[in-house]
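**Q**
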Amino acid sequence: MEEEQSFSDICGGRLALQRRYYSPSCREFCVSSPRLSLRSLTVVTCTVWLVAYGLFTLCENSMILSAAIFVTLLGLLGYLHFVKIDQETLLIIDSLGIQMTSSYASGKESTTFIEMGKVKDVIINEAIYMQKVIYYLCILLKDPVEPNEISQVVPVFQNAKPRLDCLIEVYRSCQEILAHQKATSTSP
Amino acid sequence: MSAEPETQAEEIRWQKVLYERQPFPDNYVDQRFLEELRKNIHARKYRYWAVVFESSVVVQQLCSVCVFVVIWWYMDEGLLAPHWLFGTGLASSLVGYILFDLLDGGEGRRKSGRTRWADLKSALVFITFTYGFSPILKTLTESVSTDTIYAMSVFMLLGHLVFFDYGANAAIVSSTLSLNMAIFASVCLASRLPRSLHAFIMVSFAIQIFALWPMLQKKLKARTPRSYVGVTLLFAFSALAGLLSISVVGATLFALLLVSISCLCPFYLIRLQLFKENIHGPWDEAEIKEDLSRFLS
Amino acid sequence: MAYRGRRGHPRFAARYRVNRGTLYTYRTRTHNICMVSDFFYPNMGGVESHIYQLSQCLIERGHKVIIVTHAYENRKGIRYLTNGLKVYYLPLKVMYNQSTATTLFHSLPLLRYIFVRERVTIIHSHSSFSAMAHDALFHAKTMGLQTVFTDHSLFGFADVSSVLTNKLLTVSLCDTNHIICVSFTSKENTVLRAALNPEIVSVIPNAVDPTDFTPDPFRRHDSIITIVVVSRLVYRKGTDLLSGIIPELCQKYPNLNFIIGGEGPKRIILEEVRERYQLHDRVRLLGALEHKDVRNVLVQGHIFLNTSLTEAFCMAIVEAASCGLQVVSTKVGGIPEVLPENLIILCEPSVKSLCEGLEKAISQLKSGTWPAPENIHNVVKTFYTWRNVAERTEKVYDRVAGEAVLPMDRRLDRLISHCGPVTGCIFALLAVFNFLFLIFLRWMTPDSVIDVAIDATGPKGAWTQQYPCNKRRGENNMMSKIR
């Protein structure tokens with residue numbers, strides 16, 4: 001079962017939330033931001049080259065032009081490979097754990113897995129971020145020594161920063177699974 | 001709070017208390033509002049001639065600086081022989097010294113417990129040391145360019161005037177700093193003079209006019225105000241005459257400055273007093289009037 | 001003061017939920033109030049407890065209240081206190097005396113974001129020493145929100161610094177809707193300082209929690225008389241006078257002891273006095289006291305001595321009287337308004353007069369004409385309550401909510417006509433810049449993009465809500481889900 005809904009991020013940009021319900025104990029949420037548009041790419045490239053050409057007319061050194069080409073190419077590569085995240089996925093499996101994957105525009109993926117035994121809770125928290133106050137979803141990790149304490153807070157969808165309505169959808173589904181997990185782990 | 005104040009206003013009077021719930025709104029303004037306000041309770045009434053008399057301290061100090069610069073100019077031009085200046089200075093110092101004791105009949109001396117022998121000793125020590133060090137004083141700032149020396153002297157003399165103790169109780173007043181600045185200016189100027197004897201005489205003259213002369217003035221002012229006015233006028237006219245012999249424009253400007261300080265400024269001060277609105281009331285921080293140090297000493 | 005909320009997340013709504021549906025009634029009009037001040041817990045003082053207690057009582061009366069202050073060391077971000085009172089600790093630079101630096105602009109983006117997401121309708125700033133409070137007033141007026149200001153302190157008119165601060169206060173308050181002062185003297189002072197119309201200044205005193213300050217006559221020894229002093233040991237609190245009173249009275253009365261609570265730069269002179277007159281066993285210096293320990297110190301004494309040189313509303317003497325102590329105080333500022341004459345002995349701010357006052361108190365104590373502590377407590381506890389303060393503050397809010405905020409052109413007119421040609425023009429220009437900055441921010445992040453914050457307090461708040469209504473969608477629905 002799969003459904004897709006459209007939301008926006010905290011700056012007003014568009015986001016798509018895909019939910020895949022594999023089974024009652026396993027769900028996947030996938031927040032994807034729009035791909036790199038050709039228009040913005042062209043605009044950035046043109047500005048860099050125009051600036052470089054302006055500098056070239058001033059100091060008449062052709063090194064600048066070649067440097068500009070290198071800078072745009074390397075910058076684009078770096079941006080696609082390290083900065084631009086197209087998709088963030090949260091896979092939650094009852095009795096196993098939570099896996100967070102972020103896929104970069106270049107296709108690179110980085111994955112974090114947290115086993116269920118460590119997860120204390122999934123909550124929505126508020127934070128001051130830059131000049132904004134935002135809501136974000138985060139996973140609370142148990143302190144290995146004292147199970148009632150929180151040792152770490154792991155933010156989810158850190159890059160996309162969806163708005164509250166989107167977070168609530170994800171939050172609810174997560175809570176259902178956590179409740180299910182608690183019920184099954186305590187009952188037998 | 002606003003339970004029909006109109007009907008009960010006759011019977012219930014508003015009280016300036018917080019612990020009672022009164023039948024008035026919270027933003028009620030009573031007739032007694034600001035009744036404890038007082039204005040200008042510490043304001044002083046000035047009389048014109050009294051202010052003019054007090055301003056003579058400033059005039060005196062301006063004239064001292066003027067006389068000092070004029071004398072230096074004469075020495076620099078070679079118009080004034082150093083021996084002559086030294087002789088006159090010594091003689092006038094002696095006269096001043098005797099006057100200083102005569103004015104209060106030796107009362108100050110008895111209080112401080114200083115003997116004449118001690119005075120003589122410190123004078124001798126000072127003169128010999130200045131004389132011994134005068135070659136150093138002469139060459140101390142010789143390598144500095146003349147423009148810098150002039151600029152520095154001007155700043156130092158201005159500083160001397162700013163920080164001088166005119167009798168005001170302000171934080172900026174510092175008589176030691178003021179005296180040091182004047183002496184520094186004299187050392188600077190002395191280095192432009194032809195010989196080290198000149199330098200020695202210039203510095204000792206600076207001590208006389210900036211350190212000893214104000215002390216005598218203070219005593220004169222306290223003991224015989226009439227003669228103090230006479231001395232001030234005489235001093236001002238001689239400073240003006242000295243300046244006149246160098247530059248007519250300078251003398252005119254200086255005369256204008258003196259007149260405005262001693263006549264116009266007091267007038268303006270008294271006029272401005274009319275606009276004074278110093279507000280006092282129960283919100284003022286209370287002052288501790290007693291001397292509490294007796295509990296600790 | 002209980003810090004319940006440790007980390008600001010909505011789960012706490014479920015954890016510390018209090019059933020208080022019986023306590024508040026749904027009012028016809030509720031307000032969304034934002035209290036702004038540089039001074040809040042963990043800092044300690046009169047302003048801090050005033051803000052906290054007032055907020056709690058307003059929440060109890062069904063309003064939504066949030067508090068905005070600056071970050072204290074690592075206490076940054078958003079925290080929840082008892083009853084879902086939300087506190088924003090903003091990461092702004094602290095300049096001097098816990099007050100933030102002001103540029104009139106740099107705090108606008110964050111404050112505007114908060115005002116929008118919390119749907120604030122009334123900005124209530126506290127303390128004239130707080131730069132942040134004035135900034136918030138300035139921004140709120142630019143955004144067209146109603147503003148209220150509470151002044152907690154007195155200020156003279158004599159020196160240069162007060163001339164400047166009074167000018168700034170004039171600018172800040174000339175277009176503020178309403179001002180609250182803590183005593184009549186403070187009102188007179190504020191009206192003069194800021195050149196205000198006295199009609200828009202209300203007097204609402206501070207309050208003390210009488211249940212925190214109950215007498216305990218068994219804690220004190222009746223063979224000796226103990227005088228208690230609790231204040232910061234600084235010049236303004238008259239520590240110098242105290243250093244004169246101690247030797248004077250200790251020589252006269254052999255069975256007299258002093259207990260002095262508080263810390264400050266003037267502690268050294270008290271130590272010197274103690275050293276010089278060999279009073280180590282009779283004068284106890286306790287050092288800094290926590291607010292919760294104050295009562296335990298107060299009940300050990302018979303007489304409370306206040307030597308302040310200036311005071312808008314002295315909380316300490318009310319606390320002491322509530323503990324059943326006999327109060328001797330200097331007659332400065334708003335102190336004569338605070339307690340009735342039969343509960344306080346007022347003296348001039350001098351060693352001689354204060355010693356006479358204390359001797360009178362001692363003789364009353366010895367002759368037994370002084371009423372029992374329990375009786376005093378019962379009288380005093382009716383004087384000042386936070387509920388009463390909240391009720392009266394609410395009236396101010398109701399009044400303010402009905403008023404119109406000055407539109408930009410009238411505000412500029414008011415600034416120029418009211419604050420003098422030079423200052424007025426400068427601040428009118430700054431107001432225009434602020435307005436342009438606001439338009440820029442609205443263009444960058446439109447109000448529609450800002451999420452509405454989940455309401456922790458107030459009539460629809462997650463904390464006070466008793467019957468979660470399933471029809472309510474969105475955030476409230478989520479809160480009920482969490483339970």
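Protein chains in written order, with UniProt numbering: chain U, 1 to 188; chain G, 1 to 297; chain Z, 1 to 483. Even glycine gets a Cβ: it sits at the ideal position worked out from N, Cα and C.
Assign Pro468 of chain Z to one of two classes, buried (16 or more other C-beta atoms within 10 Å of its C-beta) or exposed (fewer than that).
**A** Start at 1 with the first residue of the third sequence, and residue 468 of chain Z comes out as number 468. With a pLDDT of only 40 at Pro468 of chain Z, under 50, the local geometry of the prediction cannot be trusted, and no value is derived from it.
**Q** Using a Cβ-Cβ distance cut-off of 7 Å, determine whether Asp38 of chain Z contacts chain U.
**A** Looking up residue 38 of chain Z in the third sequence gives position 38. Cβ-Cβ to chain U under 7 Å: no for Asp38 of chain Z.
**Q** For Lys16 of chain G, go through chain Z and note every residue whose CB falls closer than 7 Å to its CB, in chain order.
**A** Against the second sequence, residue 16 of chain G aligns to sequence position 16. Ordered by position in chain Z, the residues that pass the 7 Å Cβ test against Lys16 of chain G are Phe184, Glu337.
**Q** Contact between the stretch 318-330 of chain Z and the stretch 206-220 of chain Z is defined here as three or more beta-carbon pairs at a separation below 8 Å; is this criterion met?
**A** yes
**Q** Pick helix, strand or coil for Thr100 of chain Z, following the three-state DSSP scheme.
**A** As a working note, residue 100 of chain Z is residue 100 in the third sequence. Strand at Thr100 of chain Z.
**Q** I want to verify the contact list: residues of chain Z whose CB lies under 7 Å from the CB of Val29 of chain G, in sequence order.
**A** Locating residue 29 of chain G in the second sequence gives position 29, where the first residue counts as 1. Within chain Z, Pro198, Glu199 have C-beta atoms less than 7 Å from the C-beta of Val29 of chain G, given in sequence order.
**Q** So Ser329 of chain Z is in the beta strand (DSSP E); what residue range does that whole segment cover?
**A** Sequence index remark: in the third sequence, residue 329 of chain Z carries index 329 (1-based). Counting along the chain, the beta strand (DSSP E) containing Ser329 of chain Z begins and ends at 326-330.
**Q** Could you tell me whether any non-hydrogen atom of the ligand NAD is closer than 6 Å to the CB of Cys250 of chain Z?
**A** In terms of ligand content, the structure shown is empty, and the ligand NAD therefore cannot be addressed.
**Q** Measuring straight from C-alpha to C-alpha, what distance separates Lys219 of chain G and Trp49 of chain G?
**A** Position 219 of the second sequence holds residue 219 of chain G. Position 49 of the second sequence holds residue 49 of chain G. Between Lys219 of chain G and Trp49 of chain G, the C-alpha separation is close to 20 Å.
**Q** Between the alpha carbons of Pro155 of chain U and Lys142 of chain U, how many angstroms are there, rounded?
**A** To locate residue 155 of chain U, count along the first sequence from 1; it is residue 155. To locate residue 142 of chain U, count along the first sequence from 1; it is residue 142. Roughly 15 Å between the two C-alpha positions.
**Q** Per DSSP, what kind of secondary structure is Pro110 of chain U in: helix, strand or coil?
**A** Residue 110 of chain U sits at position 110 when you count from the first residue of the first sequence. Here residue 110 of chain U is Ser; the residue named in the question, Pro, does not match the sequence. Correct three-state label for Ser110 of chain U: strand.
**Q** Is DSSP giving Gln152 of chain U helix, strand or coil here?
**A** Here residue 152 of chain U refers to the residue found at position 152 of the first sequence. DSSP places Gln152 of chain U in strand when its eight states are reduced to three.
**Q** Can you give the beta carbon distance from Gly333 of chain Z to Leu154 of chain Z, rounded, assuming they're within the 8 Å contact cut?
**A** One-based indexing of the third sequence puts residue 333 of chain Z at position 333. One-based indexing of the third sequence puts residue 154 of chain Z at position 154. Sure, about 5 Å apart at Cβ, within 8 Å.
**Q** Would you say Ile71 of chain G lies against chain Z (beta-carbon separation less than 7 Å)?
**A** Position 71 of the second sequence, counting from 1, holds the residue named residue 71 of chain G. No, no contact with chain Z.
**Q** Can you check which of these residues, Z:Ile123, Z:Ser37, Z:Thr103, Z:Val208, is closest to Met143 of chain Z by C-alpha distance?
**A** Locating residue 143 of chain Z in the third sequence gives position 143, where the first residue counts as 1. If we check each option's Cα against that of Met143 of chain Z, Z:Ile123 comes out closest.
**Q** Flag Asp284 of chain G as yes if its beta-carbon sits less than 7 Å from any beta-carbon of chain Z, otherwise no.
**A** Along the second sequence, one-based indexing puts residue 284 of chain G at 284. Yes, contact with chain Z.
**Q** Are the stretch 15-28 of chain G and the stretch 383-395 of chain Z in contact at 8 Å, needing three or more beta carbon pairs?
**A** yes
**Q** The beta strand (DSSP E) that contains Arg20 of chain U, what's its start and end?
**A** Counted from its first residue, the first sequence places residue 20 of chain U at position 20. Run containing Arg20 of chain U: 14-23, per the beta strand (DSSP E) assignment.
**Q** Per DSSP, what kind of secondary structure is Pro162 of chain U in: helix, strand or coil?
**A** Residue numbering aside, residue 162 of chain U sits at position 162 when the first sequence is read from its first letter. Strand at Pro162 of chain U.
**Q** Provide the residue span of the beta strand (DSSP E) that contains Gln99 of chain U, from first to last.
**A** Sequence index remark: in the first sequence, residue 99 of chain U carries index 99 (1-based). According to the DSSP assignment, Gln99 of chain U belongs to the beta strand (DSSP E) that extends over 97-104.
**Q** Could one say the Cβ of residue 192 of chain U lies closer than 7 Å to chain Z's Cβ atoms, at least one of them?
**A** Absent from the model: residue 192 of chain U. The displayed extent of chain U is 1 to 188, so no value can be given.
**Q** According to the neighbour-count rule (16 or more other Cβ atoms, all chains shown, within 10 Å of its Cβ), is Gln5 of chain U buried or exposed?
**A** The residue you call residue 5 of chain U lines up with position 5 of the first sequence. Result: exposed.
**Q** Along the stretch 92-124 of chain U, where does the CB come closer than 9 Å to a CB of chain Z? Name the residues.
**A** Asp121, Ile123, Ile124
**Q** Between Leu270 of chain Z and chain U, is there a C-beta pair that is closer than 7 Å?
**A** By 1-based counting over the third sequence, the position of residue 270 of chain Z is 270. Not an interface residue.
**Q** Please confirm whether residue 509 of chain Z and Leu145 of chain Z have their CB atoms less than 7 Å apart.
**A** In this structure chain Z extends from 1 to 483, so residue 509 of chain Z is not present and cannot be described.
**Q** Would you call the CB atoms of Val69 of chain G and Ile261 of chain G closer than 7 Å?
**A** Here residue 69 of chain G refers to the residue found at position 69 when the second sequence is read from its first residue. Here residue 261 of chain G refers to the residue found at position 261 when the second sequence is read from its first residue. Their beta carbons are not under 7 Å apart, which means Val69 of chain G does not touch Ile261 of chain G by this criterion.
**Q** Whose C-alpha, out of G:Leu296, G:Arg13, G:Phe163, is nearest the C-alpha of Glu271 of chain Z?
**A** Here residue 271 of chain Z corresponds to residue number 271 of the third sequence, with the count starting at 1. Measuring from the Cα of Glu271 of chain Z, the nearest candidate turns out to be G:Leu296.
**Q** Give me the chain Z residues within the contact set of Glu290 of chain G, using Cβ-Cβ distance strictly less than 8 Å, ordered along the chain.
**A** Sequence index remark: in the second sequence, residue 290 of chain G carries index 290 (1-based). By Cβ distance, chain Z contributes Gly244, Ser350, Val351, Lys352.
**Q** Taking Cβ positions, are Val31 of chain U and Ala160 of chain U nearer each other than 7 Å?
**A** By 1-based counting over the first sequence, the position of residue 31 of chain U is 31. By 1-based counting over the first sequence, the position of residue 160 of chain U is 160. In contact: Val31 of chain U and Ala160 of chain U (Cβ atoms closer than 7 Å).
**Q** Considering only residues of the same chain and omitting the five flanking positions on each side of Phe205 of chain G, which have a CB-CB separation below 6 Å?
**A** Here residue 205 of chain G corresponds to residue number 205 of the second sequence, with the count starting at 1. Here Phe205 of chain G has Gly89 as same chain residues with Cβ atoms under 6 Å from its own Cβ, once five neighbours each way along the sequence are excluded.
**Q** From this set, G:Pro194, G:Ile279, G:Ala182, which residue's C-alpha is nearest Lys138 of chain G's C-alpha?
**A** Taking the first residue of the second sequence as 1, we reach residue 138 of chain G at position 138. Closest option to Lys138 of chain G, Cα to Cα, is G:Pro194.
**Q** What number of angstroms, rounded off, separates the C-alpha of Glu277 of chain G from the C-alpha of Val171 of chain Z?
**A** Taking the first residue of the second sequence as 1, we reach residue 277 of chain G at position 277. Taking the first residue of the third sequence as 1, we reach residue 171 of chain Z at position 171. So the two alpha carbons sit approximately 20 Å from each other.
**Q** Going by the DSSP bridge assignment, what does Thr89 of chain U pair with across the sheet?
**A** Taking the first sequence and counting its residues from 1, the one referred to as residue 89 of chain U is at position 89. Answer is U:Cys30, U:Thr101.
**Q** With a threshold of 8 Å on Cβ separation, who are the neighbours of Leu103 of chain G within its own chain once the five nearest residues in sequence on each side are excluded?
**A** Indexing the second sequence from 1 puts residue 103 of chain G at position 103. Cβ neighbours of Leu103 of chain G beyond the five flanking positions: Lys219, Leu220, Arg223, Thr224.
**Q** Alpha carbons only, please: which of Z:Val273, Z:Asp240, Z:Pro373 is nearest the one belonging to Gly301 of chain Z?
**A** Your numbering for residue 301 of chain Z matches position 301 in the third sequence. Here the closest residue by C-alpha is Z:Pro373.
**Q** Could you check the C-alpha separation between Ile93 of chain G and Tyr166 of chain G for me, to the nearest Å?
**A** For the purposes of this step, residue 93 of chain G is identified with residue 93 of the second sequence, where counting begins at 1. For the purposes of this step, residue 166 of chain G is identified with residue 166 of the second sequence, where counting begins at 1. Residue 93 of chain G is actually Ser in this sequence, not Ile. Taking the straight line joining both Cα atoms gives about 22 Å.
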